[in-house]
Structure formats: C-alpha cells, structure tokens
Amino acid sequence: EVINMPEAWEYTKGTDNFFIGVIDSGFDNLHSDMQGRFAAFLTNDKGDHGMGVSGSISANTNNGFGISGVNWNTDIVSSGLHYTSDIENVVDYTSNGKETKLLSNSWGLEYIPANFNPTNTKLVCPFILFGISFESVWEI
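Using our numbering, the letters of the sequence shown map in sequence onto residues 1 to 140.
Quick look at the structure:
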C-alpha cells in the first residue's frame with residue numbers, strides 16, 4: 001500500500017509474456033512465497049538479497065502470508081554474478097516462446113566480474129556504474 005499497488009493492480013497485475021532476470025546474490029527456490037515463480041535457477045551465491053529483490057518483483061500473492069510481488073504473473077530467471085557469462089545466460093534464457101526482457105541488477109563493485117566489459121554485451125542499454133555512464137552495445 002505504501003507504493004499504491006492496490007490502485008495499480010486495478011489496471012494490471014503484470015504479464016506472463018516474458019521473464020525478468022535477477023542477477024544478484026542469494027536465492028531460495030524453495031521459499032514458500034516464491035514457489036513456482038522461478039522459471040530458471042541458473043546459479044546461486046551466499047546471501048539473501050536476491051530473494052528480497054525477486055520477492056518484491058513477483059512473490060506469490062493472496063496466499064495468506066509473506067509479501068505480495070508487484071507483478072503477479074511474471075516469472076524470474078535468477079543467477080549469481082561470477083562471470084560475464086552469468087549475465088549472458090540470463091539475457092539469453094528462453095523457454096516456451098518467452099524470453100528475458102528486463103534485468104534487475106544490484107551489483108556492488110566487488111561483485112563485478114573481472115572480465116566484465118560493458119561494451120561487449122548482448123543488449124543495447126546504458127550501464128551506470130558508480131556515476132560513470134557507459135553506453136554499451138552487446139553483440140546480438
């Protein structure tokens with residue numbers, strides 16, 4: 001209610017036409033609020049931040065406990081961040097005609113892979129890292 005989601009849900013509860021990628025640390029695919037919400041559980045790290053982010057995006061709703069995700073219908077493709085390929089695997093994930101269209105990235109400098117090059121990627125998007133903007137074009 002703090003962010004007025006009940007009013008927004010009168011218009012839409014989200015879509016299941018694509019996946020949202022969450023590249024972060026700490027996922028629990030057995031968590032009761034996230035049952036059936038992970039389309040793919042690619043890699044995992046210690047911690048729990050990824051669960052908080054994933055739950056905010058798409059936790060099961062109206063199940064009598066926990067929180068309600070903003071998007072009731074979109075599933076998550078999750079991965080920790082060790083290598084540039086972790087990013088690419090999330091971006092490239094497809095299943096049953098759906099693909100990853102949005103990414104949530106909560107990266108601290110210590111989590112950026114040493115070989116990460118924001119100009120050698122598979123997306124066309126701006127990267128903003130600690131106040132430095134990189135306009136990147138990832139090869140398709």
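Glycine included, every Cβ here is placed at the ideal spot set by N, Cα and C. Predicted, not measured: the structure shown is a model, and the values here were computed from it.
Considering only D45, F18, S56, G50, the residue with the shortest C-alpha distance to I3 is S56. Fully enclosed alpha helix (DSSP H) runs of no fewer than 4 residues occupy 49-58 of the region 49-86, in order along the chain. The beta carbons of I20 and T74 sit about 5 Å from each other, so the pair counts as a contact at 8 Å.
Residues D33 of the same chain have their beta carbon placed closer than 6 Å to that of N60, with the five preceding and five following residues left out of the count. Of the candidates D16, K13, D48, T15, D48 places its Cα closest to the Cα of N29.
According to the DSSP secondary-structure assignment, F41 is paired through a beta bridge with S78.
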